[in-house]
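Trainee:
Residue numbers (our numbering): 27 to 214.
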């Protein structure tokens, strides 16, 4: 009974403290939704606003003519960083999409940002309806303290909640047994 209450409390705490913590792969915010040639492309990003570090993108492609998902296509992403003030480097990075683990017709791309600023992004779709490219900008910000997708504040909130639940359920009864005190009962 106590374990079930603890699990339920942790789930609710995670749900309200970190709304994205319990979400499935590919459920990030919409980064791009555009008709490109014969394709309708939707690009979801986790997090929606990228920061220095890893940016997970999920690409879904529909046939613009009949609205059906295109399942046999390749994705290619090019990311051109802002000029590095120290070295003058602005070498584009390229990434290939890989099929999503749980969603048919979806492809995942993980983009690595090493500095903040305006990055020029180019997404190319190659499939049965031809090859099409779209460009967009990603405004990359400085990284926050991030531990496996959780911000430090969110982790502290979860730990505080677990400490409060543990103290109430296990430590207080144990201390009462040691000291011989019983909880006071109100007279009715």
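Idealized CB from N, CA, C, for every residue including glycine.
Consult DSSP for residue 105 and reduce its assignment to one of helix, strand or coil.
Mentor: The answer is strand: DSSP assigns residue 105 an E or B state.
Trainee: Which value, in whole angstroms, describes the spacing of the CA atoms of residue 103 and residue 147?
Mentor: When rounded, the distance between both Cα atoms is 7 Å.
Trainee: Return the Cβ separation of residue 106 and residue 123 in integer angstroms, given the expectation that the two are a contact with Cβ distance under 8 Å.
Mentor: Their Cβ separation, rounded to whole angstroms, is 18 Å, which puts residue 106 and residue 123 out of contact at 8 Å.
Trainee: Excluding the 5 residues preceding and the 5 following residue 57 in the sequence, name in chain order all residues of the same chain whose CB lies nearer than 6 Å to its CB.
Mentor: Contacts found: 69 and 71.
Trainee: Residue 64 and residue 92 - do their beta-carbons sit closer together than 8 Å?
Mentor: It is not a contact, given that the beta carbons lie outside the stated cut-off.
Trainee: Would residue 166 and residue 77 qualify as a contact pair, given that the criterion is a beta-carbon distance under 8 Å?
Mentor: Yes; because the gap between Cβ atoms is below 8 Å, this pair is in contact.
Trainee: Starting from the C-beta of residue 193, find all residues in its chain whose C-beta is less than 8 Å away, skip the five residues before and the five after it, and write them out in chain order.
Mentor: Hits under 8 Å: none found.
Trainee: Along the alpha helix (DSSP H) that carries residue 119, what are the first and last residues, could you check?
Mentor: No alpha helix (DSSP H) holds residue 119; the beta strand (DSSP E) holding it covers 119-122.
Trainee: Please classify residue 163: is it buried, with 16 or more other beta-carbons within 10 angstroms of its beta-carbon, or exposed?
Mentor: Looking at its Cβ environment, which holds fewer than 16 other Cβ atoms inside 10 Å, residue 163 is exposed.
Trainee: Just the Cα atoms here: how many angstroms apart are residue 67 and residue 140?
Mentor: Near 26 Å, if we compare the C-alpha coordinates of residue 140 and residue 67.
Trainee: Would you say residue 141 lies against chain B (beta-carbon separation less than 8 Å)?
Mentor: Here there is only one protein chain, and chain B is not present.
Trainee: Looking only at its chain, what residues have a beta carbon closer than 7 Å to the beta carbon of residue 118, apart from the 5 residues adjacent to it on each side?
Mentor: Excluding positions up to five away in sequence, the list reads 104, 105 and 106.
Trainee: Taking residue 155 as part of the beta strand (DSSP E), name the residues at either end of that continuous run.
Mentor: First-last for residue 155: undefined, no H or E at that position.
Trainee: Name the two residues that bound the continuous alpha helix (DSSP H) containing residue 202.
Mentor: Start and end: 198-205.
Trainee: Helix, strand or coil: which one does DSSP assign to residue 75?
Mentor: Of the three classes helix, strand and coil, the one that applies to residue 75 here is coil, per DSSP.
Trainee: Select from 189, 143, 97 and 183 the residue whose C-alpha is nearest the C-alpha of residue 129.
Mentor: For the residues 189, 143, 97 and 183, the minimum Cα distance to residue 129 belongs to 97.
Trainee: Who are the near neighbours of residue 159 in its chain, counting only those whose CB is closer than 8 Å to its CB and skipping five residues on each side?
Mentor: Excluding positions up to five away in sequence, the list reads 62, 148, 149, 150 and 151.
Trainee: Could you name the residues of the same chain whose beta carbon sits closer than 8 Å to that of residue 74, not counting the 5 residues immediately before and after it, in chain order?
Mentor: Excluding positions up to five away in sequence, the list reads 54, 55, 56 and 57.
Trainee: Considering residue 64, what are the terminal residues of the beta strand (DSSP E) in which it resides?
Mentor: It is not in any beta strand (DSSP E) - residue 64 carries neither H nor E in the DSSP assignment.
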